[in-house]
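Student: The structure's right below; bear with me while I get my questions together.
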Amino acid sequence: KALEERARREEERKKQPYEAAEPIPLISESVVDVGTGDALRSVKPGHWTSIVQSVVSKFDDLDGTSTLSVVPNESSVVPPVPYTAQALVSRRPMLVAKGRSKRIETELLIPESVERPYVASRLEFRNSHALVIPEQRSSMHVMPHYRYFFVVLAANPAEYGFLPLLNSVRPRWESDDGSDMLHYRVVLPDVARPPPVPSRVLDWTSVAYVLWDGEDAARLDPNQQQALVDWIHWGGRLIISGPDSLDSLRASFLADYLPASSDSRRQFTAEQLQPLQQRWGTLADGRQLDSLKALKPWDGLALQPRDANVDAPMAGVETLGFERRVGLGSVAVTAFRLKEKELVNWPAFDSFFNSAVLGRPPRLYYEVVGDAMAGLRTGWDGYEGRFDDAYFTTPLRWLSRDAGTKAGSTLPPLPPGVAPLGPGYPQFEEEPRLVAARAGGLGSWNDFSPAADAAREALSEAAGVRVPGGGFVLLSLAVYLVALAPLNWLVFHALRRVEWAWIAAPLISLGATGAVVHLAQLDIGFASARTEIALLELQGSHARGHLTRFHALYSSLGKTYDLKFDDDSAVAAPFPRDRNFELGRYDNPEITAFEKYDEVHLRDLSVASSSTLMIHSEEMAQLTGALRLTLSSGGAEQIDNHTGLDLRNVVVLRRKRRGEGFRHEACWVGDLRSGEIKPLPMRDFNYDPKAIPFEVEQKKADGLQNVPPLAVDAVLKIAYAFPEVRDPIHGMREETRLVARVDGTLPGAVIEPGVSQRAGAAVVVAHLAYGPGRKAAADLNRPPKSGTDEVLPLKLESQ
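Dropping the structure here:
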């Protein structure tokens, strides 16, 4: 009977004119649930995610729309964006030819506020809006704040099946409650399908690392290639496993970012691999791990750094690997294959992989003794209590989302009973522990980040209709009286029709009224205004910037607007005015649609009478060139602006290492127009993170403007703040950055219908140069393979 029922359902399915698969997150499409064999559908809350869905049209061409939304379990109502009256859905066109199948890729924001999210899919005919098939719902697997994707792009991804077993990926974390401390969801793609990486970098925020081994670069389409390059510049780490990969990438889109070149192949014998053993096979107490055994020579490359000024030896081993700083991120390459069996089985491999390959701090292993929390644990050396902190598991940093955020919220001290592993272990000092405070971790869409709060403050002060001052009123009245009496009489006296002046008087009054309304930009009873505060972040010599806009729309009467973007990388959502708004218990939210057709729109923005609606949008802005640090013919530092933007109040600020801290230098540049080059007479500077550098010069420059600029001091303070030293990956890096402002609204976003008033300002932050990242270091000890193995101790003096 079961077989008959299955056959009957199959026959019914074949008769259906349309079919659609369940919506699945693109990146995790190849991540399989071990229990069911189905796609795990992993998502990170607070991140924009590319969702794919396959649609089949059997008997005719299908012209429709696909609408995706995130709903809670057992609910069909789309919840509002927190602290707003709007709910967000994503919509795409759906054009499927007869007898064909098509994959539809839609960008969807996974809200942090929904604990058990389901993606609801609604497929409709474009003209009738009737359902093509019944609405579908797919449950999503939510990743915790510290977990990110680790994507493998390889000719044979299955050869990297060992990655999920590494302590670097799944740390040792034993406890009676069965808690799991998985740091990365490893993606081993199906090579029969296109690479499962998004076409827009703002959908890459949940990806921490990409490992490249033999993948054909041409399999990535141009949008995916651009997204990967953008991702690297904002902190992503691309790991290239040589030797075949390096050869194939020389003529690819990654050619300019490769850290090393090679003219010849070479064989690595056990003796030639000894530097690796010496660097990583020695523990902090001097004990030696088993040697790296190369039973036969490894095939590899003779590497040479491409540029000694920007390349650094990878992990302190001169000839075996190099890495290159690319913006905030990096590209690392090894002279040998990372999948060599002897390498993977080497006892020090996981320590090498954690710090040399991933660029993370060294670890230590300890044991917790007790009832509920007993077991072997993993910790970061020097960062007790922060092992589940996203600052350690992703190198990406987005200024508008992450700048100024604390490494985590305070938790109680470690409970009593924490004991060292093996003889000679010290006790941990009891101090507040830190964990990531946001459900989405670093890189998540953040409406209450310090940058968002600063922009909200500036918008609240600037938004609304600006009524003309008293001088305008007096001037308008004087012009009106002159036109009504003497000028009116003189005109008709010259025409010998003085009596017509009485007829013209009311017409002059009406015309004057219209002129005043037009000049004041006030349609009496229909006033509208748009205010925009933007933050543009640039990385190195990259001619693209991460542009975050915070918009405020005001209307004196209720009106519905659309926000249109020129660049298809844009994403947008309603932005809360504060944390005080709460939708009524029986009120339904208004649906706002994020649409990607030929153009990108945020539609159905309903502004109530005499109120303000706020919007948060982000995009990758294409500039005409970059801001560059160069040297004059005399060897003096100078700044070269080819961005196409005229910059005001330009300040260049630099921090340099001095012992365990920093010293600072700065320079006031003033105006820097596009195409202009100016010298940088840097001098020592007393840096105060709570103050605005050169505030006197900035106020003086603002006073010379014809129109007073918008106040963006709170945003400027965010722009001038360097990463906290408690950031384990970037906190101690040297950096030279430029901060400036651009008055007015930046092009690329248009409100439809138009508004009567516009005002805006943008703060530009250009990270001109970075110093080296943290030095790789071996773990302090290693965990036992079984309960009977000796755990190597750590000397007290090493702490």
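Using this note's numbering, count along the sequence shown one by one with no gaps and you end on 801.
In this text, a Cβ means the ideal position worked out from N, Cα and C, and glycines have one as well.
Do His618 and Leu330 have their C-beta atoms within less than 9 Å of each other?
Tutor: Here residue 618 is taken as the residue at index 616 of the sequence shown, counted from 1. Here residue 330 is taken as the residue at index 328 of the sequence shown, counted from 1. Going by C-beta atoms, His618 is not nearer than 9 Å to Leu330.
Student: Less than 8 Å between the CB atoms is what I'm expecting for Thr335 and Met622, so what's the real figure, rounded?
Tutor: Stepping through the sequence shown from its first residue, residue 335 is reached at position 333. Stepping through the sequence shown from its first residue, residue 622 is reached at position 620. A small fix is needed here, since residue 335 is Val in this sequence, not Thr. With a Cβ gap of about 26 Å, Val335 and Met622 do not count as contacting.
Student: Can you tell me whether Ala456 is buried or exposed? The criterion is at least 16 other CB atoms within 10 Å of its CB, across all chains shown.
Tutor: On the sequence shown, position 454 is the one that residue 456 refers to. Ala456 should be labelled buried.
Student: Can Ala441 and Glu114 be called in contact, C-beta distance under 9 Å?
Tutor: Locating residue 441 in the sequence shown gives position 439, counting from the first residue. Locating residue 114 in the sequence shown gives position 112, counting from the first residue. Result yes, Cβ atoms of Ala441 and Glu114 sit closer than 9 Å.
Student: Helix, strand or coil for Phe255 per DSSP?
Tutor: As a position in the sequence shown, residue 255 is number 253, starting the count at 1. Note: Phe255 maps to coil in three-state DSSP.
Student: Enumerate in chain order the residues of its own chain whose CB-to-CB distance from Tyr211 is below 6 Å, with the five nearest sequence positions on each side excluded.
Tutor: Taking the first residue of the sequence shown as position 1, residue 211 is located at position 209. The residues are Phe152, Arg239.
Student: Give me the residue from Lys100, Val80, Val171 with the minimum Cα distance to Glu592.
Tutor: Position 590 of the sequence shown holds residue 592. The option with the nearest alpha carbon to Glu592 is Val80.
Student: Apart from the five residues on each side of it in sequence, which residues of its chain come closer than 6 Å, Cβ to Cβ, to Tyr598?
Tutor: Residue mapping note: residue 598 aligns to position 596 of the sequence shown, counting from 1. According to the sequence displayed, residue 598 carries Lys and not Tyr. Cβ within range, chain order: Arg94.
Student: Quick check on Lys46: buried or exposed, where buried means 16 or more other Cβ atoms within 10 Å of its Cβ?
Tutor: As a first step, residue 46 must be located in the sequence shown, where it is residue number 44. By the 10 Å Cβ count, Lys46 comes out buried.
Student: Considering only the alpha carbon of each residue, which of Pro159, Trp175, Met183, Arg187 lies closest to Pro803?
Tutor: With the chain covering 3 to 801 only, the question about residue 803 has no answer from this structure.
Student: I need the boundaries of the beta strand (DSSP E) containing Asn347, first residue and last residue.
Tutor: Position 345 of the sequence shown, counted from the start, is the residue given in the question as residue 347. No beta strand (DSSP E) holds Asn347; the alpha helix (DSSP H) holding it covers 343-347.
Student: Going by C-alpha distance, which of Phe696, Arg221, Gly646 is nearest Ser676?
Tutor: The residue labelled residue 676 in the question sits at position 674 within the sequence shown. Nearest of Phe696, Arg221, Gly646 to Ser676, Cα basis: Gly646.
Student: What's the call for Tyr588, buried or exposed, on a 16-neighbour Cβ count within 10 Å?
Tutor: Here residue 588 refers to the residue found at position 586 of the sequence shown. The residue in question, Tyr588, is exposed, as its Cβ has fewer than 16 Cβ neighbours within 10 Å.
Student: From which residue to which residue does the beta strand (DSSP E) around Arg403 run?
Tutor: To locate residue 403, count along the sequence shown from 1; it is residue 401. Not the beta strand (DSSP E): Arg403 falls in the alpha helix (DSSP H), residues 401-404.
Student: So, using beta-carbon positions, are Leu565 and Glu754 closer together than 9 Å?
Tutor: For the purposes of this step, residue 565 is identified with residue 563 of the sequence shown, where counting begins at 1. For the purposes of this step, residue 754 is identified with residue 752 of the sequence shown, where counting begins at 1. Yes, these two residues count as a Cβ contact at 9 Å.
Student: Going along the chain, which residues of its own chain have a beta-carbon closer than 7 Å to the beta-carbon of Val727, five neighbours each way excluded?
Tutor: In the sequence shown, residue 727 corresponds to position 725, counting from 1. Around Val727: Gly733, Met734.
Student: Where DSSP assigns a beta bridge to Ser264, which residues make up the other side?
Tutor: Here residue 264 is taken as the residue at index 262 of the sequence shown, counted from 1. Leu305.
Student: Throw me the rounded Cβ distance for the Ala778 and Ser140 pair, which I believe falls under 8 Å.
Tutor: Residue numbering aside, residue 778 sits at position 776 when the sequence shown is read from its first letter. Residue numbering aside, residue 140 sits at position 138 when the sequence shown is read from its first letter. No, Ala778 and Ser140 are not in contact; Cβ-Cβ is about 41 Å, not under 8 Å.
Student: Looking at C-beta atoms only, is the number of pairs between the segment 71-79 and the segment 604-620 that lie closer than 8 Å three or more?
Tutor: No, they do not touch.
Student: Determine the closest residue to Ser613 out of Ser250, Leu294, Lys561, Arg660, with distance taken between C-alpha atoms.
Tutor: The residue labelled residue 613 in the question sits at position 611 within the sequence shown. Comparing Cα positions, the closest option is Lys561.
Student: Output the distance between the C-alpha atoms of Pro2 and Glu736, rounded to the nearest integer angstrom.
Tutor: Since the displayed the chain opens at 3 and closes at 801, residue 2 lies outside it and no answer follows.
Student: Please report the residue range of the beta strand (DSSP E) in which Thr395 lies.
Tutor: For the purposes of this step, residue 395 is taken as the residue at position 393 of the sequence shown. Here Thr395 belongs to no beta strand (DSSP E); instead the alpha helix (DSSP H) covers 392-395.
Student: From the DSSP output, in three-state form, read off Asp642 for me.
Tutor: As a first step, residue 642 must be located in the sequence shown, where it is residue number 640. Correct three-state label for Asp642: strand.
Student: Taking the alpha carbon of Gly705 as the point to measure from, which residue in Arg650, Glu678, Leu492 has its own alpha carbon closest?
Tutor: Counted from its first residue, the sequence shown places residue 705 at position 703. Comparing Cα-Cα distances from Gly705 to each of Arg650, Glu678, Leu492, the minimum goes to Arg650.
Student: Look at the Cβ atom of Gly750, then the Cβ atom of Leu625, and state whether they are nearer than 9 Å.
Tutor: The residue you call residue 750 lines up with position 748 of the sequence shown. The residue you call residue 625 lines up with position 623 of the sequence shown. No. Outside cutoff.
Student: Are the segment 441-452 and the segment 569-586 touching, with three or more C-beta to C-beta distances below 8 Å?
Tutor: Because the criterion of three Cβ pairs below 8 Å is met, the segment 441-452 and the segment 569-586 touch.
Student: Can we count Ala723 as close to the ligand SAM, meaning its CB is less than 8 Å from some heavy atom?
Tutor: In the structure shown, the ligand SAM is absent, as is every other ligand, since no ligand is present at all.
Student: Drop a sphere of 10 angstroms on the beta-carbon of Pro809, count the other beta-carbons inside from all chains shown, and report buried for 16 or more, exposed for fewer.
Tutor: No information on residue 809 is available, as it lies outside the stretch 3 to 801 that the chain covers here.
Student: Start and end of the beta strand (DSSP E) containing Lys561?
Tutor: Position 559 of the sequence shown, counted from the start, is the residue given in the question as residue 561. Note, Lys561: beta strand (DSSP E), 561-567.
Student: Return the CA-CA distance between Arg103 and Leu718, expressed in angstroms with no decimal places.
Tutor: As a working mapping, residue 103 is identified with position 101 in the sequence shown. As a working mapping, residue 718 is identified with position 716 in the sequence shown. Residue identity differs from the one stated: residue 103 is Ser in this sequence, not Arg. Distance between the alpha carbons of Ser103 and Leu718: 50 Å.
Student: With a CB to CB cut of under 7 Å and the five nearest residues on each side skipped, what residues in its chain are close to Pro683?
Tutor: Mapped onto the sequence shown, residue 683 falls at position 681. The residues are Cys669.
Student: Please state the DSSP three-state secondary structure of Ser332.
Tutor: Walking along the sequence shown from the start, residue 332 turns up at place 330. If DSSP states are grouped into helix, strand and coil, Ser332 belongs with the strands.
Student: Taking the straight line between their C-alpha atoms, what separation do you get for Ser263 and Thr69?
Tutor: Within the sequence shown, numbered from 1, the residue matching residue 263 stands at position 261. Within the sequence shown, numbered from 1, the residue matching residue 69 stands at position 67. Their backbone Cα atoms lie some 47 Å apart in a straight line.
Student: Anyone know if the C-beta pair for Phe596 and Ser92 falls short of 9 Å?
Tutor: As a first step, residue 596 must be located in the sequence shown, where it is residue number 594. As a first step, residue 92 must be located in the sequence shown, where it is residue number 90. In this structure, Ser92 lies closer than 9 Å to Phe596 by Cβ.
Student: Which residues does DSSP list as the beta-bridge partners of Met622?
Tutor: On the sequence shown, residue 622 is found 620 positions in, with the first residue counted as 1. Partner(s): His548.
Student: Name the two residues that bound the continuous alpha helix (DSSP H) containing Phe152.
Tutor: Stepping through the sequence shown from its first residue, residue 152 is reached at position 150. Taken as a continuous stretch (DSSP letters only), Phe152 belongs to no alpha helix (DSSP H), being part of the beta strand (DSSP E) at 150-156.
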